[in-house]
Amino acid sequence: MMSIKCLFFSFSIGYGINRIEKSTDYEYWYGEEWMDYDDQLEIGWKYEIWQLYLDNARISELSTLPGMTKTKAFEILSNRKDSTTTQFLTSSSEFYRKVTNRNKWNSFTDDFEFRAHVKVLPPKASESFETERFEGSALGMTQKYFVRSNQLSFGGSFDKDRYEPDFDDLTRYWAAWNGSTTNIILGDFHVTTGHGLGLWTQPTFFDSYDAPGSYRRSGRGIMPSTDYIENSALRGIGVSQKIGRFRVTLFTSETKLDAILDESLKHVISLSSSGLHRTPIEREKEDIIHEVCFGGSLSCALSPSQLKELVVEMSGYHSKYSLPFNPEPESHRRYSMTGRYFGAGSANFIFTSPQYTIFGEGALDRDSNLAWLFGFGNSSGSSGKFDADFLVQHYPVEFSNPRAISQSTSASQYGKTSSALLVRGVPSSGFLKNWRSHIEIELLPWRSFSIPVAHSRSKVSFETTFRSVIDSKIILRFRRKTFESGTGENGHILPVTDNRLRITNDFLLEKDYFRYVSLWVEGVRQRIEYPSKMYSESPNQFGWMTGFRFSVQIGETSRGLGSINYSGSVTGFNTDSGSVILYIGDGYLPDRINSAQLSGKGIRWASSIYWRWSSRNWLTFKAARTHKTGNNAKSNDLEMYISLSYLFRNHK
136 MMSIKCLFFS FSIGYGINRI EKSTDYEYWY GEEWMDYDDQ LEIGWKYEIW
186 QLYLDNARIS ELSTLPGMTK TKAFEILSNR KDSTTTQFLT SSSEFYRKVT
236 NRNKWNSFTD DFEFRAHVKV LPPKASESFE TERFEGSALG MTQKYFVRSN
286 QLSFGGSFDK DRYEPDFDDL TRYWAAWNGS TTNIILGDFH VTTGHGLGLW
336 TQPTFFDSYD APGSYRRSGR GIMPSTDYIE NSALRGIGVS QKIGRFRVTL
386 FTSETKLDAI LDESLKHVIS LSSSGLHRTP IEREKEDIIH EVCFGGSLSC
436 ALSPSQLKEL VVEMSGYHSK YSLPFNPEPE SHRRYSMTGR YFGAGSANFI
486 FTSPQYTIFG EGALDRDSNL AWLFGFGNSS GSSGKFDADF LVQHYPVEFS
536 NPRAISQSTS ASQYGKTSSA LLVRGVPSSG FLKNWRSHIE IELLPWRSFS
586 IPVAHSRSKV SFETTFRSVI DSKIILRFRR KTFESGTGEN GHILPVTDNR
636 LRITNDFLLE KDYFRYVSLW VEGVRQRIEY PSKMYSESPN QFGWMTGFRF
686 SVQIGETSRG LGSINYSGSV TGFNTDSGSV ILYIGDGYLP DRINSAQLSG
736 KGIRWASSIY WRWSSRNWLT FKAARTHKTG NNAKSNDLEM YISLSYLFRN
786 HK
């Protein structure tokens, strides 16, 4: 029998109380859901707590909610007193809830949640080496918890990677007061302002397979930190106060950061974001420098009409590090951070209407280097027409702002000028259901590593959905990226083209009814993907992946047992080398298993059993495994996940 060498166990406990206390009858509410960072990478944004009341909500506020378009937001505000707004519910949100006059002042909900994650890894050829090299146990643990009562909430999390010696290697904790006009956070939090040029601490997803839905990125002020990314969160106090049309946000923070020091231990070469502290060398980087940071923002919302809004905001921050940054004098570090003091000031605006949106931002660093962006988008709001977004941005090569993010689909922000165009369409009839296309071109003044010369890169993506037969659809996605990588034998720069084609077929099948239960195959998905990398002076590399996904549903039973759903998938893959990587996520599984990177040759399967006996009470068990073939096969790991959610609801 195969022996089991290590386990990965993590659990989450959550308890929350939500009180609905509002004089209006209608509440627009967006709930919180726990998510791992891998989940954020897959979908590109993170769930947060949102409470917006329809009586005074603006179109810009509703438009920023995940899954909410400007067209839907416009229709909600136009019919805010009509109960038919429930049609805008999404699968992951409770967007609309009506509170009756009888219990709207005293109704509350108690939530209790428990989750467990067990990951089993079979023996590996290098496992004895890893055991000798790493000092901690092979047990990994992640804990998340929260308590929320009306406007007061508490939360915390602990994270330990495999082979790390401490169970609380990364700790997050916070307490928050979320009032109608005042927000206060103590502990770990994020600050996001404008469109990312001046101040944005929250980790953000950059590149994606699909064409983006929009170029607009709107800051949301202060919010608790629930991620596990090193060096991202602030730790201190943040306060946000709304006064009429104005909102003032102030914060102060002192954090410890992981960093790489030079031989003298007096200068910082770069910050370290791996988050791994398994060996003495890795632990030497842990919490080695301090950052003191303070800043704030002032925004003003002007409403020419109920459906049009102009928001203007100014923000800034100043930070001081305990050790100065003095990178090694190498070509690839010629534009890295230098000094001990950093900061930036920015001004941004966004004008929103049912037909179009205009936004922009400019930011100055401590050396008065100006970075800017400008964007425009229109929304026709009807079928048979198309919408378009345009974005242009410029970052000087000397621009240095460690608390900024790039607005483009790539993570690099230093020294580039880029433009992007996004076009979307919804035909009024015919075989084509919808489509969108995205093109982005970046001009960079220097290349990474040892080649300090200008170069460019581009990305083109296209996505369309076809109507095939009744209750079926075909989704076609194509992405093409071109960039320059290194030099050849004759010194010429080597261009690289990365192509990816994905074809997805969704089939929804009819139900079959039995005496006590309704049993049917809910849906079947077939996915085919062809990645390739084309090189000018070396052999091209190709790959393929194909698989099926299916879901079997046992509906509400006459014996009151609720509903049971079984979902599974089988995927085969084959790539020429490790440079051609396929990505597959199990997002369709309840409480999904983390996404997997597939390369080489093999098969991956995933399975989930999901039992729900009420709207918020459920139990699920999941398992997934990747089987690889060949002499260099690795990561034949078995993942198992058990999660339970129990809701006690009591109305007074």
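All letters in the sequence shown, in the order written, are residues 136 to 787 by our numbering.
Beta carbons are placed, not taken as given, at the ideal position from N, Cα and C, and that holds for glycine.
This structure is a prediction, so every number in the text was calculated from the model and none was measured.
- When the beta-carbon positions are compared, LEU445 and PHE484 come within less than 8 Å of each other.
- Residue burial is scored here from C-beta neighbours: GLN732 has fewer than 16 other C-beta atoms within 10 angstroms and is therefore classed as exposed.
- For GLU496, the enclosing beta strand (DSSP E) starts and ends at 491-500.
- In the structure shown, ILE638 adopts extended strand secondary structure according to DSSP, grouped into three states.
- In the structure shown, GLU619 adopts extended strand secondary structure according to DSSP, grouped into three states.
- Under the DSSP definition of a beta bridge, THR599 partners with TRP570 and LEU611.
- By DSSP's assignment, ILE576 forms a beta bridge with SER554 and SER593.
- In the structure shown, PRO359 falls within a strand segment according to DSSP collapsed to helix, strand and coil.
- Under the three-state reduction of DSSP output, ILE416 falls in the helix class.
- DSSP places ARG352 outside any beta strand (DSSP E), giving it a letter other than H or E.
- Counted as a single uninterrupted DSSP element, the beta strand (DSSP E) harbouring VAL383 occupies residues 381-392.
- With respect to the 8 Å criterion, PHE566 and ARG592 are not classified as neighbours on the basis of their beta carbons.
- Sorting VAL447, GLY480, GLY451 and THR390 by C-alpha distance to the C-alpha of SER457 places THR390 at the top.
- With contacts defined as CB atoms closer than 8 Å, SER702 and TRP740 fail to qualify as a contacting pair.
- Under the three-state reduction of DSSP, ARG297 is assigned to coil, being neither helix nor strand.
- Boundaries of the beta strand (DSSP E) harbouring ILE372: 369-378, taken from the DSSP string.
- VAL532 and GLY512 have their C-alpha atoms some 28 Å from each other.
- Judged by pairs of C-beta atoms under 8 Å, the region 301-321 does not touch the region 423-441, as fewer than three such pairs exist.
- Here ASP422 is near ASP393, since their CB atoms are less than 8 Å apart.
- The continuous beta strand (DSSP E) containing LEU406 extends over residues 403-406.
- Only residues of its own chain outside the window of five on either side were considered, and among them LEU392, ASP393, LEU406 and SER408 have a CB closer than 7 Å to the CB of ASN366, listed in chain order.
- About 5 Å separates the CB atoms of GLY329 and GLU496; that is less than 8 Å, so the two are in contact.
- Pairing GLY410 with ARG370 gives a Cβ-Cβ distance that is not under 8 Å.
- Of the candidates LYS763, PRO300 and TYR350, the residue whose Cα lies closest to the Cα of HIS573 is TYR350.
- Here DSSP, grouped into helix, strand and coil, assigns GLY478 to strand.
- If you ignore the 5 residues before and after ASP304, its C-beta comes within less than 7 Å of the C-beta of ASP294, LYS295, ASP296 and HIS412, all in its own chain and listed in chain order.
- Here the alpha carbons of MET680 and THR764 stand approximately 15 Å from one another.
- For GLN286, the secondary structure class from DSSP, reduced to helix, strand or coil, is coil.
- In the DSSP assignment, LEU332 falls outside any beta strand (DSSP E) and carries neither an H nor an E.
- Nearest to MET449 by alpha-carbon distance, out of ASN634, SER375, GLY333 and ASP397, is GLY333.
- The continuous beta strand (DSSP E) containing GLY451 extends over residues 443-460.
- Per the C-alpha coordinates, the member of TRP570, GLN676 and CYS435 positioned closest to ILE378 is CYS435.
- Between PRO338 and ILE364, the C-beta gap is smaller than 8 Å, which places the two residues in contact.
- The Cβ atoms of ARG559 and PHE601 lie no closer than 8 Å to each other.
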